[in-house]
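First to last, the sequence lines map onto chains U and C.
With our numbering applied, the first sequence covers 31 to 278.
With our numbering applied, the second sequence covers 31 to 278.
Below: one structure, written as structure tokens.
2 protein chains.
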Amino acid sequence: MIRAPIAALAPGVRALPSDVSHHLCRVLRLRIGDRFVAFDPEARVEADVTIDDVSGDAARVTVGALRPARVVAEAPVVFVYALAKGDKVDAVVRDATELGATRIIVARTSRSVVKAEGDRAAGKIDRWRRIAEQAARQCGRADPPAIEGILGWGAALEAAARESDARWCLWESATAPIGPALRDAVARAAPLAFAIGPEGGLTQAEVEEARVAGFAPASLGRFVLRTETVAAAILGAVLVLRSGDATS
Amino acid sequence: MIRAPIAALAPGVRALPSDVSHHLCRVLRLRIGDRFVAFDPEARVEADVTIDDVSGDAARVTVGALRPARVVAEAPVVFVYALAKGDKVDAVVRDATELGATRIIVARTSRSVVKAEGDRAAGKIDRWRRIAEQAARQCGRADPPAIEGILGWGAALEAAARESDARWCLWESATAPIGPALRDAVARAAPLAFAIGPEGGLTQAEVEEARVAGFAPASLGRFVLRTETVAAAILGAVLVLRSGDATS
């Protein structure tokens with residue numbers, strides 16, 4: 031069933047917000063009489079909705095009875111992500127939200143290219159929160175991940191460690207493959223945490239700091255991946271490893 | 031060990047191409063005396079290289095004896111990807127190259143937004159090949175994936191089916207989770223194929239066409255993922271499922 035976000039969701043007849051209407055009626059091609067599930071990301075409620083009328087990007091709908099929203103991330107996955115240049119964090123927040131991350135902590139490392147402190151840091155965090163909310167809406171997820179930061183590398187690792195039982199620092203020079211340990215951790219339903227360095231790489235000291243915080247240095251294979259590819263790949267792996275066990 | 035591409039690689043003293051030099055000496059911060067592995071993507075040979083001198087983006091190196099290049103994709107993974115709008119195919123080609131896809135077949139479906147035929151299609155294929163070569167270089171992979179297309183959906187499925195033993199059509203309305211079957215297929219080292227629809231979705235008839243070609247409709251979970259996220263997630267899963275088995 032298609033899911034779409036509607037703020038201040040309430041039963042009865044109403045007009046859809048134009049962006050939601052565009053997505054449902056233009057992109058997904060729903061027609062009069064079609065049904066979808068609307069959810070309110072703030073209130074965490076949802077309802078069955080029927081499309082009564084469509085005209086351009088305007089649609090009128092009937093919202094049924096509210097019930098608690100059900101589609102949320104299955105289990106904790108915390109992401110420590112080193113501040114990278116350009117819009118890489120944007121892309122990672124979007125991917126990680128779709129792929130079920132429950133918390134993203136943005137960190138500063140010695141090779142992070144971007145400097146962001148004070149007001150500029152707060153502005154960035156706001157931006158990433160909006161991106162996470164939008165991505166959650168688009169993928170039908172009721173619980174966008176918490177976005178925190180911008181913390182120092184050590185503080186970020188510590189915060190992530192407090193709510194995880196199995197932790198890895200994905201590092202291009204690590205020799206241990208992540209596969210066997212990750213498969214074990216998912217099998218025992220451990221809350222997971224991953225730390226990913228910036229594109230300039232982590233320093234040996236930062237990798238050591240991660241190891242001390244319980245993040246085992248691990249490799250995703252012999253190719254050197256961009257940091258944003260690492261994020262999607264590792265979360266995709268978690269999704270597939272959990273798939274069929276958690277839902278069956 | 032860091033890997034970098036050098037065309038027409040030969041033993042002896044030479045200047046690095048400026049883009050390679052920039053990547054190694056500026057981004058990765060190699061210094062005089064540091065070593066890396068250079069590979070020639072065309073000739074599939076590689077060599078140990080020592081940096082003799084660095085000045086701005088110019089670097090002089092000594093290339094050691096040539097040997098066959100070793101870092102290639104581990105096993106066949108074919109991707110049928112429906113033509114999507116904007117630069118989504120670019121992103122998928124880049125991600126899929128880093129994550130070990132061996133063949134990418136771009137297909138047309140009835141909801142593909144972009145129309146590309148004749149010269150325009152050939153231009154696009156050329157562009158995607160260049161992106162795959164560049165992504166392979168950057169991730170240290172000696173064998174960029176083959177890029178083919180633009181084929182009809184049925185022809186693309188057929189081409190992919192000929193060289194795979196386990197096949198899925200990732201579809202947001204599928205009820206079967208992909209996890210258990212994919213884990214089994216990787217465990218028996220089956221050549222894999224995945225088909226992914228455009229962002230407007232596959233029609234019921236196209237899903238049925240895929241099923242007939244042996245692509246089981248499967249879901250990556252309850253969130254509706256963007257098509258480019260699906261690609262990275264599923265290949266990341268394959269990488270992790272193979273990790274530790276294939277390399278140990």
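Backbone N, C-alpha and C define an ideal beta-carbon position, used for all residues, glycine too.
| Asked | Found |
| --- | --- |
| Residue-chain proximity (C:F66, chain U), Cβ-Cβ < 7 Å | no |
| Sequence-distant residues of the same chain with beta carbon closer than 8 Å to U:L181, five excluded per side | I135, V136, A137, R138 and A189 |
| Separation of C:V260 from U:R59, as counted between CA atoms | 21 Å |
| Cβ contact (3+ pairs, closer than 8 Å) linking the region 81-98 of chain C and the region 51-68 of chain C | yes |
| C:V75 at chain B interface by Cβ criterion, 7 Å | Of the protein chains in this structure, namely U and C, none is chain B. |
| Under the three-state DSSP convention, the category U:W198 falls into | strand |
| Inter-residue Cα distance where the pair is C:G63 and U:A121 | 36 Å |
| For U:E76: DSSP bridge partner residues | U:F69 and U:R97 |
| Candidates C:G251, C:W158 and C:F224: closest to C:V268 by CA position | C:F224 |
| C:I226 - containing beta strand (DSSP E), residue span | L222 to I226 |
| Chain U within 7 Å of C:P175, Cβ atoms only | no |
| Proximity test, Cβ basis, 7 Å: C:V254 and chain U | yes |
| Residue closest to C:A103, alpha-carbon to alpha-carbon, out of C:E76, C:G170, C:I81 and C:P47 | C:G170 |
| Near-chain U residues of the region 122-138 of chain C - C-beta to any C-beta below 9 Å | R124, D125, T127, E128, L129 and G130 |
| Test item: CB-CB of U:A99 and U:F69 under 7 Å | yes |
| Cβ-based contacts, 9 Å cut-off: residues of the region 189-216 of chain U near chain C | E202, S203, A206, P207, I208, G209, P210, A211, L212 and R213 |
| U:V93 Cβ short of 6 Å to the ligand NAD heavy atom set | As for the ligand NAD, it is missing from this structure, which has no ligand bound. |
| Length of the line joining the Cα atoms of U:I28 and U:V242 | The shown model of chain U, from 31 to 278, leaves out residue 28 of chain U, and the question about it has no answer. |
| C:V119, enclosing alpha helix (DSSP H) - first and last residue | K118 to E128 |
| Interface flag, C:C55 vs chain U, CB-CB below 7 Å | no |
| Member of U:R56, U:C55, U:P35 and U:A77 whose CA lies at the smallest distance from the CA of U:G42 | U:A77 |
| Cβ neighbours of C:V79 in the same chain (closer than 6 Å, five flanking residues each side left out) | F66, A68, V91 and V93 |
| Under 9 Å from the C-beta of C:A263: neighbouring residues of chain U | D125, E128, L129, A262, A263, L265, G266, A267, L269 and V270 |
| Alpha-carbon to alpha-carbon, U:A73 and C:R33 | 50 Å |
| Cβ pair U:P228, U:R124 closer than 7 Å | no |
| Chain-ordered neighbours of C:L250 on chain U, where CB pairs are closer than 8 Å | G266, L269, V270 and S273 |
| C-beta neighbour in chain C for U:G170, strict 7 Å | yes |
| Runs of beta strand (DSSP E) lying entirely within the region 134-185 of chain C, each at least 3 residues, in chain order | 176-182 |
| Cβ contact check for the region 230-241 of chain U and the region 207-216 of chain U: 3 or more pairs under 8 Å | no |
| C:V102 - containing alpha helix (DSSP H), residue span | Neither: C:V102 is in no alpha helix (DSSP H) and is coded neither H nor E. |
| Anticipated Cβ contact below 8 Å, U:G179 with U:A186, distance rounded | 7 Å |
| Own chain partners of U:F253 with C-beta closer than 6 Å, once the 5 adjacent residues on each side are dropped | none |
| Chain-order list of residues whose beta-carbon lies under 6 Å from that of C:A196 (same chain, five-residue window excluded) | A215, A220 and L222 |
| Exposure of U:R97, with buried meaning 16 or more beta-carbon neighbours within 10 Å | exposed |
| Chain-ordered residues of the region 223-241 of chain U with a beta carbon less than 9 Å from chain C | E229, G230 and G231 |
| U:R61 versus U:A38, U:A37 and U:D87, residue with shortest Cα-Cα distance | U:D87 |
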